[in-house]
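Protein chains in written order, with the working numbering: chain P, 73 to 172; chain B, 100 to 635; chain E, 10 to 527; chain S, 2 to 124; chain D, 60 to 396.
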Amino acid sequence: MLSSYLTLAAILFCIGLYGALVKRNAVVVLLSIELMLNAVNLNLVAFSKYGAVPALSGQVFTLFTIAVSAAEAAVGIAVLIALFRARGTVNVDEFDEMRR
Amino acid sequence: MLADIPILSLITFSPLIGILILLFLPKQNSRLLKVTAITATIIPLALSLWLYADYDGAASSKSYSESATWVNAALNKETMPDLASYVFKFQYQMGIDGVSLPLVLLTTIVAVMAALASVHVKKRWKSFYLWFLLLEIGMLGVFMARDVFLFFIFFELTLIPMFFLIGIWGFGGREKAANRFLIYNGLGSALMLMAFVMLVMTAGLQVDQIDQQTQHVYYSGSYEIIKENMTAPDSLVNASPESPLYLSDTMRWSIFILLLIAFGIKLPIFPFHTWMLRVHTEAPPSIVMIHSGVLLKMGAYGLLRFGVFLFPAETREWAAVLAVLGVINILYGAILAFVQKEFKLVLAYSSISHMGIVLLGIASLNEIGLQGAMVQLVSHGLISALLFLIVGSLQERTGTTELGELGGLARSLPFMSGILLAAGMASLGLPGLSGFIGEFLSLLGLFDSMKVLTAIAVLGVILTAVYVLRSVLSITFGPMPERFGALRDARLIEAVPMIALLAFIILIGVYPSVVTEPMKHGFDAFLQQLNVKVGG
Amino acid sequence: MSVDTAQQSFQPLTWSDAMYLAPEWILIVFMVVLVLLDLALPRRAGRNIIGWLTLAGLLTSLGFVIWRVIDMNAGADGPIRLLGDSYRIDAFGSMLKIVFLSATILIVLMSLGTVKREDIPDKGEFYYLLLPAVTGAMMMASSGDLITLYVGLELLSITTYILVGIRKHSAQSAEGAFKYVVTGGISSALLLFGMSYLYGLTGATNLGVINQALQMQGAAGNIQELLYVAFFLMIAGFGIKVAAAPFHVWAPDVYQGAPTPVTAFLAIVSKGAALAVLFRITFNLLFFMSPGFHLGEDIFMALLILAAAAMIVGTTSALRQRNAKRLMALSGVANAGYLLVPIGVSIKGLHMQNYGEFLFYLAAYVLMNVGAFAVLSVVSRAAGHDELKGFAGLYYRAPWTAAAMIVFVLSLAGLPITGGFFGKLFILLGAAQSQAYWIVAIMVASSVISYYFYFGIIRQMFMRGGGDEAEVHMPAMTGIAVWICALLTIVLGVVPGPVIGWVNENFSIVRDLFITIS
Amino acid sequence: MEKYINNYVIVTIFILLGILLPVVALTVGRMLRPHKPTEEKKTTYESGNEPVGDGQIRFNVRYYLFALMFVIFDIETVFLYPWAVAYNQLGLFILVEMAIFIGLLLIGLTYAWKKKVLKWNSI
Amino acid sequence: MGNWLDETLTWGNTLIFALWGIVLLVLVLGFVTYAIYFERKVIGWMQLRIGPNRVGPLGLLQTVADITKLLIKEDTIPRKADRLLFILAPALAYVPAFSVLAVIPYTNKLYFADINVGVLYYVAISGITTIAIVLGGWASNNKYALLGGMRSAAQMISYEVPLVISVAGVIMMSGSMNLRTIGELQGDWFWQWNFLPQIVGFIVFIIAAVSELNRTPFDLPEAESELVAGYHVEYSGFRFAFFMLSEYVYVYAIAALTTVLFLGGWHAPVPFLDFVPGILWFLLKFALVVFFLFWLRATLPRIRIDQLMGMGWKVLLPLAILNVFITAVYLELFIKG
């Protein structure tokens, strides 16, 4: 039971990491990060229920993770809006103002 | 009498008086600034002469040591409850002996001469002299520090002023020269620091037994403690491989080689010399006087004190290597000096060549050779200071130092040409002048142990004569370009240091005991140590 | 087991506990008041009053922290443990808090002089957002539980995301903020993923309990691989947060995009807090290991390798940098490497003053960095850009500022007699005492390489420019910050003994660093 | 334990039924309904005018702001609900804690209000 | 139903659960059919019209005819539409609408899933519908549809917040998120039901619920005068029917939820009326709520969008939070030991 949850979480995490590093669309990048965080949540909840040492703290941790990732997403989107206003694009490749 | 006052600190920090006064002087009044600065350099000279007069061999070196705890940082001793204290002790410890005294004197003399020669400086006098005096503090401190970290701090203290002095007041390529100087010497001092850190954390541990239970344990950078621990056969460093402080052979060799490279860069030893050429050509002449006259000696001094004295066995094993390096230096320097078209570069390579002789003297590992190395240090310091003093004056007048463009100056500048000739003679080792004594003693010392190398080295000395004569003669004699006809000979402010330096050169040449006398028994302990090691 | 521990570890906060949290409360209360004040003040009114009040809040909080430290040193009660050890008020945390608060105070001081409404439209927000950010850093320093640790981390991160992008009409600022959000998000995801495994394998989030579980299970050896995965994920996460190579790529862009005071905050408080947490976690979790179980050694070695990479990459890539802020970012990468060394060498043989070394260098780093950034902000204001050539001829334009900058540069380069020198020296000595000579060599080498670009600033100030550039006006508050930093840098360089001695004597590894469950 | 699983089996069944109905209905519908596409039928509807430009226009940023507000306040309930459930069993301090928590959120709301995030002025 | 839940899971049991689900599905479809009829009749009555009266006796088959018409109507998908999402959206709108019904209890004995986080489940699943609406608007590639979808999303998320927070008061009163427990714990007298002690929460809940349903006076997303028909302008045939269907299923769900949360569920208003079975009381209250919703539609005009958003954030949200506090303080003072 546990291992299937863990595998799913690991796969989600890897997809998220891949997306965050590779995707061009800034919104997709943010989504990928959320995906990674959700993989974490899955892990935590699975462990708290089926882990070797089941304990409630994992679910508490999940609540915090959810809340914090929401705040992070909110700030991320806000920043992205500001950036879109300034640059008119959400293509990550074009965010190279400072390398020039 | 002198022993009652902290004379060493006084000497070292006396330029500080100058700095403080200079800070409050107006920026534009160059004359006032110069006079103040020159006066400020005379104070340490006077004090060091006094010290020299009072110095009485190895016996009095003890009475001149000063020591105070600077940093006393408690270390965490949580798991060692029975310790009364566990600290890292970093002391302000100054001392003097036969090896450092001549160099201190050399420093103060050259500093005065360089200050006099600095009249050529054209801009930003105030900061020039501030850095200059700071540099002097650093140099004096290096020769007197008896704590490895204090030594390191003074060593680094010479780095920063030099960087500014070269970078602001130098010639065309000054910034590059300053950078090179900084990086190479920084590298050298970093390696040195690494070696020191390794030394202190092993050989620097000292346990003071207060009574049966209580112990004071401290790490110290004190040279005496390190030397004691390094050389005593039953110390924690040497005795048992189980001790956490034990220095294995690999460690010893690593530290030794680190130090060799560190000071080798400063000296400079052959592959590490490139930085110095640029400094010689780009730095302002008065700074080159100091650089060539004193700073290079710091390398030799450090090698002697920390490399050779702390690692007698390793030195013994590598004496041949050192000697070979010395010979390479001599020949390489001489040959390249021969083909240079720029007088400053000739002098730069000549410095490399002469420093090779110092290495030979050290490699001989006997009293004569070591004394020779010391005399060579002092003598080369004076000679190169003199040569660069003249170069500075020449360059100011003719605007060039290319050998091809100079010539026949004996006619328009008879006095300076005369001095130049004399300096050249000293440099090539004419008997009766200081250069001869240094080379002769070093080679004599080396001849005892390595005859073939000595022979090759002598070849190098002959080459020296060739390139020195070639360049000096081509400047003083031969056809004179038209435009040099109306040059003014040395002014008083230039003539005084020239004559003074020449006087010192002759004095050492005629009466070498002024240098060798203080160090008469300076090497005894070391040589004894060496023999014990070899014997046992 | 599960229900019992959950019941036991659940200890609600009480009123008396809440009093111990006074420094944090004060910051939060000030923030709330300032938010409301900012909203209430008319649009046209100046916002400097908010800056001053922020300063007041920080000072009050600092006062309470110091009082707590003195109070705790006087008694022998041991640390104060709140909520089942998830929040600990001990010397480890309190001393770091002093550093963080002081750094923030200096940053606010420098901002009072240089932050103008033209470039930061929401000046009020800029000031009061520093308060939750530093609260987050303080939480991180005090936490003994993965959850509080994470919440603190994110409180710090999220507020700094906003701070980086606070010049909302500037494309650079927004771009920097976006990059920071993305890397920050990835880093916290990595961190959390590692933590989730750690939690899963031990069933606890409390560091002390995890340690115990690891000790018991470590010998069994059947979970080693996952533990390695967990720790390496966490190291990667922290690596991004502290901007240690190879996880540093974001730093130059973000530092350049952010307003200078924020850059200083990122370089100092963010980095310091992440390092502090790393310190606490590694020592707590990995220190007592069963024989035959090399996790601890391997992780400490990995940290040292990370440190080495940071030092080498940071210094070498700074060599070709022409932008002062990017340069400082890369210098920060190298400094993260130096600060990782006392963590990575761990406690070996006679060497156990890691915390003293760490804290001393951190303090020196705070001073020299705030100073350098303060000068940079003034200079770039005069030049209109933050390229290195803005420093050209500073000697003619503002000789005293140039002199102060020399102090900072020397300290950054690790030359005597400055705080930076002794900071590095103590770290070197510690590493040598642990016989990690190779890291000593790398540290020393990277210091030398760094001379080149640090002295590049000096070259610009003293050897370039002919004095025809615009006059540099040093605002009074920034000037005060600069001179406080310069003087303290020198003081740390002249008398480092009392400082590091005080830390070493009042910091007990067993009492203040390790979380032991009773 | 059985009850726990059974409950979620029911939930799953409901979800499956929810999916099934559209699938079935649309499939059945496909058999019944005519299929005579013309170009005109497939144009986008703009009240009978020729459609102008693309339909997926850039819309007001305000929507995003509301989305942000929603995210923040909705997440609040993640903490609010467990708190509400456990409220009767815990002491006074839990009220204070939640007061602080909600107080901070209200300040956030005030902030948004004051910064005119909540003001709707166009489509 | 309750006793099935305690048994070990077998294929047989699963089948039984599935059958019960289908029964409910049929009932709900029936409800929707006649709710529409009822709505038209009620509104007609209120507007002094007759309402549907042609198809079947009393027009009872009117809705059936409508549905049949939709079923056999040609289904067009605009060329510019994003085909996959366009097809997906109606189904996605409907699935959560039906799924939330799983947790609603009808009496103490009659319920389906009895999960401990019932309220949370309802809130979480119903949120998905918002996505479906935005998706439908976006996939249509039509300006009106997009704006309708965005407005709808903005409205729904804005009102979800007060909706969710207003329930917190009820949860505090019962100390549980299980809907059955919440229903059960409400007292025997009608003034002990949650709607009176929680009057603020109740009002906020009702308003927010109406808005969640996109019904008048909050039916801006479908404002014909401004947006043609809102997010489903491009939909026709049975795809359109599913949007409508989910709206009416939500009417069912909300009415049932209101009954359970605030109106005492299956309890009789006074103890002596206990002899009437609980399910009848439930249906009565349920019908009342449904009627109330239709009544609103006939009575109130549509409000402006700025008023709508302003009311959600500036009035309902603070009120809901205030309600939580009042409840907390009340419980602190009078109930907690």
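Even for Gly, the Cβ is constructed at its ideal location relative to N, Cα and C.
List the residues that DSSP assigns as beta-bridge partners of I89(E). I98(E)
Can you tell me which of the three DSSP states F384(D) falls into? helix
4-residue-minimum alpha helix (DSSP H) runs that sit fully inside the segment 82-162 of chain D, ordered along the chain: 121-130, 142-158
List, in order along the chain, the chain E residues whose C-beta lies closer than 7 Å to that of T62(P)? As displayed, chain P neither begins before 73 nor continues past 172, which places residue 62(P) out of reach and without an answer.
Taking CB distances under 8 Å as the criterion, tell me whether L294(E) reaches chain P. no
Helix, strand or coil for K37(S) per DSSP? coil
Tell me the residue span of the beta strand (DSSP E) that contains F187(B). Run containing F187(B): 182-193, per the beta strand (DSSP E) assignment.
Taking only the alpha-carbon atoms, compute the straight-line gap between G193(E) and R377(B) and give it to the nearest angstrom. 47 Å
For A393(E), count neighbouring C-beta atoms within 10 Å of its own C-beta (all shown protein chains included) and say buried if the count is 16 or more, exposed if not. For clarity, residue 393(E) is Gly in the given sequence; the question names Ala instead. By the 10 Å Cβ count, G393(E) comes out exposed.
What are the complete alpha helix (DSSP H) segments, minimum 4 residues, inside the segment 512-579 of chain B? 513-527, 533-548, 550-575
Under the three-state DSSP convention, the category V93(S) falls into: A small correction: the amino acid at residue 93(S) is Leu; Val does not occupy that position in the sequence shown. Coil, per DSSP.
Which of the three DSSP states, helix, strand or coil, is assigned to A445(E)? coil
Identify the continuous beta strand (DSSP E) that holds Y318(B) and give its terminal residues. Here the beta strand (DSSP E) through Y318(B) covers 314-319.
Which residue's Cα is closest to the Cα of E381(B): W169(B), L552(B), P114(B), G266(B)? G266(B)
Along chain P, in chain order, which residues have C-beta atoms closer than 7 Å to that of F80(S)? L135, A139
Quick check: A142(P) and I76(S), are their CB atoms within less than 8 Å of each other? yes
Taking E255(B) as the query, report the chain E residues whose CB atoms sit under 7 Å from its CB, ordered along the chain. Going along chain E in sequence order, the residues near E255(B) (Cβ under 7 Å) are L424, P425.
Since I607(B) and I536(B) should fall inside the 8 Å C-beta cutoff, what is the C-beta to C-beta distance between them, to a whole number of angstroms? Taking a contact as a CB-CB distance under 8 Å, the pair I607(B) and I536(B) counts as one, their CB atoms being some 6 Å apart.
Could you check if C494(E) is buried or exposed, using at least 16 other CB atoms within 10 Å of its CB as the buried criterion? With a threshold of 16 other beta carbon atoms within 10 Å, C494(E) meets it and is buried.
Just to confirm the assignment, what range does the beta strand (DSSP E) spanning T168(B) have? 165-173
To the nearest angstrom, how far is it from the Cα of A285(E) to the Cα of T291(E)? 10 Å
Report all residues from its chain with a CB closer than 6 Å to the CB of A15(E); omit the five preceding and five following residues, and keep chain order. Because the pLDDT of A15(E) is 42, which lies under 50, any placement of that residue in the model is unreliable, and the number read from its coordinates should be weighed accordingly. Cβ within range, chain order: n/a, list empty.
Decide if the segment 371-385 of chain E is in contact with the segment 115-129 of chain E; the criterion is three or more beta carbon pairs, one per stretch, under 8 Å apart. Yes, the segment 371-385 of chain E is in contact with the segment 115-129 of chain E.
Under the three-state DSSP convention, the category K222(B) falls into: coil
Which of helix, strand or coil does DSSP assign to K357(E)? If DSSP states are grouped into helix, strand and coil, K357(E) belongs with the strands.
Would a C-beta distance cut-off of 8 Å place V162(P) and V99(P) closer than the cut-off? yes
DSSP three-state assignment for A244(B), whether helix, strand or coil: Correct three-state label for A244(B): strand.
Less than 8 Å between the CB atoms is what I'm expecting for E98(D) and N201(D), so what's the real figure, rounded? The Cβ separation is near 28 Å, so there is no contact.
Near-chain P residues of the segment 214-225 of chain E - C-beta to any C-beta below 9 Å: So the close ones are T214, N215, A222.
Beta carbon of I427(B), beta carbon of F369(B): below 8 Å? yes
What number of angstroms, rounded off, separates the C-alpha of S387(B) from the C-alpha of L205(B)? The question names Ser, yet the displayed sequence has Val at residue 387(B). The alpha-carbon atoms of V387(B) and L205(B) are separated by roughly 15 Å.
Minimum C-alpha distance to W76(E) - residue among D99(E), A54(E), R289(E): D99(E)
What does a CB cutoff of less than 8 Å around T137(P) pick up in its chain, not counting 5 residues either side in sequence? Closer than 8 Å at Cβ, skipping near neighbours: L109, V112, N113, L116.
Quick check: is the beta carbon of V86(S) nearer than 8 Å to any beta carbon in chain D? yes
Counting pairs of Cβ atoms below 8 Å between the segment 145-160 of chain D and the segment 299-311 of chain D, do you hit three or more? yes
Beta-carbon proximity of A142(E) to T168(E), cut-off 8 Å: yes
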